[in-house]
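Inspection log for the structure reproduced underneath, given as structure tokens.
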Amino acid sequence: MRKFMFKTLCLLMATGALFFWFRSDASVLAASSALGMDDSSGWLASNSQDSKAFDILESINANMLRVDMPWNEIERSSGAFSWSYQTDAGYVDYDQLFARLEKRGIKPVVVLSGGPVFLSHLYPQQPVSSESLLENWKNYVRSVVQQYGDQVDYWQIGAGLNDPGSWGALLFPAATTDPQADPDIDLYAEMLKSAYAIIKSNGAGNMVILGDLTLGGDCANHPLFYLQNLAENDAWYAFDIVSVSLPALDEAPEYAVVDSCGFSPAQSSGSSLTDPVKVISDYIDETGRKSLWIQDLTYNSNVLTAKAAERVTLPEVVESDYLTRASGLLLAAGGADKVFWDYTPESGRPAVIALQSYANLSKTLSSNGSSAQQINSQEFTTLRFRNNGRISILAWHNRGGDEAQALVIPDVDGYKLYGFSTDAESLKTSKGVRMDVDAGGSTALLISERPVLISGRPEDIKESLNMMLNDSASQASQGLQSKLSGWAQVQKAKAADQLGNWVAEQQASLLDILRSSFQQWLRQSLGLAKQ
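According to my numbering, the residues represented by the sequence shown are 6 to 536, in order.
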């Protein structure tokens, strides 16, 4: 036993050193939580002098925040960049904003949006010329990256890519009305490629986000068609992450409709929330694996009030329940790697109860090195995640309000389980309820629409450490793949097609060798290899 513990300690130290190496240049493994926050209203950026909202983000373990950086505000005249400016909502100071986020360990996701107001255009007959836009776009991206490249690792290129309103803001940025323009995929592909080259030159591990594609709009501009056209434009290499935005949900998560274009995945979960997202996830996997982020997760306040009246509870309770359930479904059944909640502190959304749920979920659900499984049932939803040697189970009754129903959860033999309300003040075992596991390896509980979080670790210490190391190895492998992929893609962007293909083959071969060697080393060092 002493020999085993010594080996385990050495392996943990080695694994930790490996993680620090992966994180060294651009935090490839950073922000492993499956949740993030979105400054969708721009209130945080306009009120960065108010530290209270930032303290709240830190207290709930929000390690990522999406921040808008509009071109039309940053560069009002050609070549003159302003990193602070006055708006109707307040005073925007990006130096102060990023300093506050960095102090709290929160990584900004910068959204490069808007258009060049200084270029000639007249709505609706004369948009900004493509040639002038591309030339000035490169200067804008280069200046922003030069100014904040040391503080920002995640860059989203554009906003509302398949939305006519967003394209109107790009091509007619000074229009006083609500300009509309047809999405121009060819133009965006060129903007994406040039931004990718600039951002990756600053650091190969920096992440470029294709963003964002909206669900719920015109079917002719569906995200699937947009992605297909980008692949045909040879722009698939020029991003690492796909961002998809949702309309505000107007029904319980299991029944919320986010798209009516009729696309269905090969394996349907039966959920109108997750199936449209899974279609996109499947296409991404088939074309060339990228991470999938979901943004703008929020509920209309009128919907929350109506549902609260039906359940005879508070709208804040319904908000917490629905955001928790929607997040779990999108991660487990939708194929999402990360889900961003709308954060609008000026209107008190999300409320305190939902923020506490966010804090607990951010500690237990993870997109890196985790697996998720949905157990199908018409009455109940049970989602199972695994990360860092621990299983986390989210379970709830799909309808019925707070009326409790009995639920049996199988396949938990050998685990020490504790149950919590997702908005519990803490996930310490003293705050949870110990759950017994029967001889058949199942546990049972009474459950309502309020989701329950069950956390468990193997009771056998050797099995627990083995699971943790296997999960760590999987996460390390993902980090290695991200680093090699980023390096290879930079080479492809600079080299001829035939050289790019050769680099890809060498990368795949090297990755297989390193992954196999690392896994074998872990198992042999623990004495766990099969005899």
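Where is the CB? At the ideal position from N, CA and C, for every residue including glycine.
Quiz item: Alpha carbon to alpha carbon, how far is I452 from I414?
Solution: 11 Å
Practice problem: Please name the residue or residues paired with T92 in a DSSP beta bridge. | Solution: G95
Quiz item: Just to confirm, are V97 and S51 a CB contact at a threshold of 8 Å?
Solution: yes
Quiz prompt | Whole-number beta carbon distance between P228 and V249, since they are thought to touch under 8 Å | solution = 6 Å
Practice problem: Mind reading off the beta-carbon distance from A449 to L412? Whole number of angstroms is fine, and I expect it under 8 Å. | Solution: 7 Å
Self-check item: 7 Å Cβ shell around D280 - same chain, five flanking residues per side excluded
Solution: S269, P270, S273 and S274
Quiz item: What did DSSP end up calling V263 once you bin it into helix, strand or coil?
Solution: coil
Practice problem: In the DSSP assignment, find the unbroken beta strand (DSSP E) run with W401 in it and report its ends. | Solution: R395 to H402
Quiz item: Assuming F425 contacts H402 under a Cβ cut-off of 8 Å, what Cβ separation, rounded to an integer in Å, is found between them?
Solution: With a Cβ gap of about 17 Å, F425 and H402 do not count as contacting.
Quiz item: Should G110 be labelled buried (16 or more other beta-carbon atoms within 10 Å of its own) or exposed?
Solution: exposed
Quiz item: What are the boundary residues of the beta strand (DSSP E) that Y423 is part of?
Solution: Y420 to S426
Quiz prompt | Cα-Cα separation, W346 to L254 | solution = 12 Å
Practice problem: Leaving aside the five residues before and after S1 along the sequence, list all residues of the same chain whose C-beta is less than 7 Å from its C-beta, in chain order. | Solution: One cannot answer for residue 1 here, as it falls past the ends of the chain, which runs 6 to 536.
Quiz item: How is V442 classed by DSSP in three states: helix, strand or coil?
Solution: coil
Quiz item: Within this structure, are the beta carbons of G95 and L70 separated by less than 8 Å?
Solution: no
Self-check item: Beta-carbon separation (whole angstroms), L325 vs I299, contact threshold 8 Å
Solution: A quick correction: the sequence has Ser, not Leu, at residue 325. With a Cβ gap of about 18 Å, S325 and I299 do not count as contacting.
Quiz item: Cα separation between L399 and I285?
Solution: 24 Å
Quiz item: Within 10 angstroms of its Cβ, does Q54 collect 16 or more other Cβ (buried), or is it exposed?
Solution: exposed
Quiz item: So R462 and Y420 are in contact, right, with Cβ under 8 Å, and what is the actual spacing, rounded?
Solution: 7 Å
Quiz item: What is the rounded straight-line gap between the Cα of Y348 and the Cα of Y128?
Solution: 33 Å
Quiz item: What three-state label does DSSP hand V150 in the structure shown?
Solution: helix
Practice problem: Would you mind reading off the limits of the beta strand (DSSP E) that contains L192? | Solution: Taken as a continuous stretch (DSSP letters only), L192 belongs to no beta strand (DSSP E), being part of the alpha helix (DSSP H) at I190 to N207.
Quiz item: Would the segment 151-166 and the segment 199-213 be scored as touching if the rule is three or more Cβ pairs under 8 Å?
Solution: yes
Quiz item: How close, in whole Å, do the beta carbons of A429 and K436 come, if the pair is a contact with beta carbons under 8 Å?
Solution: 6 Å
Quiz item: If F86 and E78 are in contact, beta carbons under 8 Å, what's the gap, nearest whole angstrom?
Solution: The Cβ separation is near 10 Å, so there is no contact.
Quiz prompt | First through last residue of the alpha helix (DSSP H) which encompasses T369 | solution = V357 to T369
Quiz item: Per DSSP, D601 forms a beta bridge with which residues?
Solution: A query on residue 601 cannot be resolved here, the shown segment of the chain reaching from 6 to 536 and no further.
Self-check item: Rounded straight-line distance, which links the Cα of L432 to that of N68
Solution: 18 Å
Self-check item: Length at least 4, wholly inside the segment 201-253: the alpha helix (DSSP H) runs in chain order
Solution: 228-237
Self-check item: Through-space distance from G222 to L328, alpha-carbon basis
Solution: 22 Å
Quiz item: How would you label E82, buried or exposed, when you count the other beta carbons within 10 angstroms and need 16 or more for buried?
Solution: Checking the displayed sequence, the identity of residue 82 turns out to be Ser instead of Glu. So S82 ends up on the exposed side.
Quiz item: How many angstroms separate the CA atom of D418 from the CA atom of I459?
Solution: 14 Å
Quiz prompt | As assigned by DSSP and simplified to three states, the class of G84 | solution = coil
Quiz prompt | For L297, the nearest candidate out of S352, R354 and G216 (CA to CA) | solution = G216
Exercise. For E351, collect the residues of the same chain with a Cβ closer than 6 Å to its Cβ; drop the 5 residues on either side in sequence, then sort them by chain order.
Key: W48
Quiz item: How would you call A225, buried or exposed, if buried means at least 16 neighbouring beta carbons within 10 angstroms?
Solution: exposed
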